[in-house]
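What follows is one structure encoded as structure tokens, with my remarks underneath.
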Amino acid sequence: MKKNIFIAASSLFIAFLVFTACGLDTIPIVNPPTVVIHEPVYSSSDFSSNYFDFRSAPSSATDIKFLGTAVYYRIYANYSTMVSRQSSISAVNTSSDYSAAANRMIGYGYQQLNTSDGNIQPLISDSDIPVYIRLANYGAGDYSANQYAAWIKPLSKVPRRTVTVGGRPKTFDFGRHDKPSKYDPDLNSLPASGDEDYENGTVENNKYYVDMYAVAIGIDTTFTRHYSQVLHLGVVPIDASKEDN
Numbered sequence: 004m005k006k007n008i009f010i011a012a013s014s015l016f017i018a019f020l021v022f023t024a025c026g027l028d029t030i031p032i033v034n035p036p037t038v039v040i041h042e043p044v045y046s047s048s049d050f051s052s053n054y055f056d057f058r059s060a061p062s063s064a065t066d067i068k069f070l071g072t073a074v075y076y077r078i079y080a081n082y083s084t085m086v087s088r089q090s091s092i093s094a095v096n097t098s099s100d101y102s103a104a105a106n107r108m109i110g111y112g113y114q115q116l117n118t119s120d121g122n123i124q125p126l127i128s129d130s131d132i133p134v135y136i137r138l139a140n141y142g143a144g145d146y147s148a149n150q151y152a153a154w155i156k157p158l159s160k161v162p163r164r165t166v167t168v169g170g171r172p173k174t175f176d177f178g179r180h181d182k183p184s185k186y187d188p189d190l191n192s193l194p195a196s197g198d199e200d201y202e203n204g205t206v207e208n209n210k211y212y213v214d215m216y217a218v219a220i221g222i223d224t225t226f227t228r229h230y231s232q233v234l235h236l237g238v239v240p241i242d243a244s245k246e247d248n
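Per the numbering used here, the very first residue in the sequence shown carries number 4; after that it's consecutive.
Written out as structure tokens, the structure reads:
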């Protein structure tokens with residue numbers, strides 16, 4: 004008799020677990036970008052390598068609407084601070100919590116890359132395509148005549164900072180801060196304390212460092228935003244004492 008009661012109770016307990024488990028919410032997984040084609044490094048002095056090249060994230064599963072791949076950046080005055088932040092972001096960039104690294108990165112003040120035609124969020128809507136980004140100009144800023152001009156492919160737009168002056172987003176041409184733009188004299192100005200995209204510190208050898216990440220974004224049926232794991236794209240050094248970078 005006791006054995007039958009035990010079996011019946013066990014069966015009810017198992018059924019309860021199955022029933023409650025079926026009601027658990029599942030967190031949608033956003034497929035991350037994973038392929039870096041070219042990664043610039045902060046110690047490089049070769050202007051021709053100062054660009055980012057990667058593939059955007061593949062589309063995610065049907066339980067979430069894939070919005071695209073966002074590109075986040077932050078400007079650092081001190082590379083040791085930058086490297087410390089990179090390590091901190093990398094430490095939580097795991098499959099146990101897909102959004103953890105993106106949330107930490109955003110918490111550190113990383114901003115979505117802007118363009119000369121306005122802020123596109125996320126930057127790349129197409130999945131699994133090559134993306135090329137060069138932040139600063141080397142020579143004339145006309146990509147049709149100069150392969151080292153600041154440019155975003157395949158968008159055919161010029162990358163800009165989130166900080167604006169006179170309603171226009173500032174450039175990454177810090178080496179041209181003393182050469183007024185035809186649109187605004189401060190468009191090429193140096194990063195300054197208080198800028199939302201700048202980690203203030205002691206600038207050494209007139210160099211600033213732009214750290215960049217890519218992350219896929221999706222929304223679920225409740226319009227909750229979800230992030231993928233992040234992909235570190237590299238770091239571009241920008242020498243404020245040189246017009247061309």
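Cβ coordinates follow ideal geometry from the N, Cα and C atoms, glycine included.
These figures come from a predicted structure and were not determined experimentally.
Got a sec? Which residues, its chain only, sit under 6 angstroms from SER52 by beta carbon, not counting five neighbours each side?
Counted from its first residue, the sequence shown places residue 52 at position 49. Answer for SER52: PRO43, listed in chain order.
By the 10 Å Cβ neighbour count, where 16 or more other Cβ atoms means buried, how is THR227 classified, buried or exposed?
Walking along the sequence shown from the start, residue 227 turns up at place 224. Flag for THR227 reads exposed.
Considering only residues of the region 131-173, which uninterrupted alpha helix (DSSP H) runs meet the minimum length of 4 residues and lie entirely inside it, listed in chain order?
none
Which of helix, strand or coil does DSSP assign to CYS25?
Taking the sequence shown and counting its residues from 1, the one referred to as residue 25 is at position 22. Here the model assigns CYS25 a pLDDT of 43, short of 50, so the residue's position is not dependable and the matter cannot be decided.
In whole angstroms, what is the alpha-carbon distance linking LEU236 and THR205?
Along the sequence shown, one-based indexing puts residue 236 at 233. Along the sequence shown, one-based indexing puts residue 205 at 202. Roughly 24 angstroms between the two C-alpha positions.
Beta-carbon proximity list for TYR135, same chain, < 6 angstroms, skipping 5 on both sides:
Reading the sequence shown from its first residue, position 132 is the one you call residue 135. Cβ neighbours of TYR135 beyond the five flanking positions: ASP56 and LYS156.
According to DSSP, which residues form a beta bridge with THR72?
Here residue 72 refers to the residue found at position 69 when the sequence shown is read from its first residue. In DSSP, THR72 forms a bridge with ILE127 and ALA219.
So the candidates are VAL239, VAL33 and GLU207; which of them puts its Cα closest to the Cα of THR97?
Here the question's residue 97 lines up with position 94 in the sequence shown. Among VAL239, VAL33 and GLU207, the Cα nearest to that of THR97 belongs to VAL33.
Could you please give the first and the last residue of the uninterrupted beta strand (DSSP E) stretch that includes TYR230?
What you label residue 230 is simply residue 227 of the sequence shown in a count that begins at 1. Where TYR230 is concerned, the enclosing beta strand (DSSP E) stretches over 228-242.
SER90 versus THR165: straight-line alpha-carbon distance, rounded:
Walking along the sequence shown from the start, residue 90 turns up at place 87. Walking along the sequence shown from the start, residue 165 turns up at place 162. Distance between the alpha carbons of SER90 and THR165: 24 angstroms.
Can you pull the DSSP bridge partners for GLU202?
Here residue 202 refers to the residue found at position 199 when the sequence shown is read from its first residue. GLU202 is bridged to TYR79.
Answer yes or no: do TYR216 and TYR113 have a C-beta to C-beta separation smaller than 9 angstroms?
For the purposes of this step, residue 216 is taken as the residue at position 213 of the sequence shown. For the purposes of this step, residue 113 is taken as the residue at position 110 of the sequence shown. Result yes, Cβ atoms of TYR216 and TYR113 sit closer than 9 angstroms.
Taking the alpha carbon of ASP131 as the reference point, which residue from ARG58, TYR201, VAL213 and VAL168 has its own alpha carbon closest?
Locating residue 131 in the sequence shown gives position 128, counting from the first residue. Comparing Cα-Cα distances from ASP131 to each of ARG58, TYR201, VAL213 and VAL168, the minimum goes to ARG58.
Throw me the rounded Cβ distance for the PRO133 and ALA73 pair, which I believe falls under 8 angstroms.
Your numbering for residue 133 matches position 130 in the sequence shown. Your numbering for residue 73 matches position 70 in the sequence shown. With 8 angstroms as the limit, PRO133 and ALA73 do not qualify as a contact, their Cβ atoms being about 17 angstroms apart.
In the DSSP output, what is PHE57 paired with across the bridge?
For the purposes of this step, residue 57 is taken as the residue at position 54 of the sequence shown. Beta-bridge pairing links PHE57 to VAL39 and VAL134.
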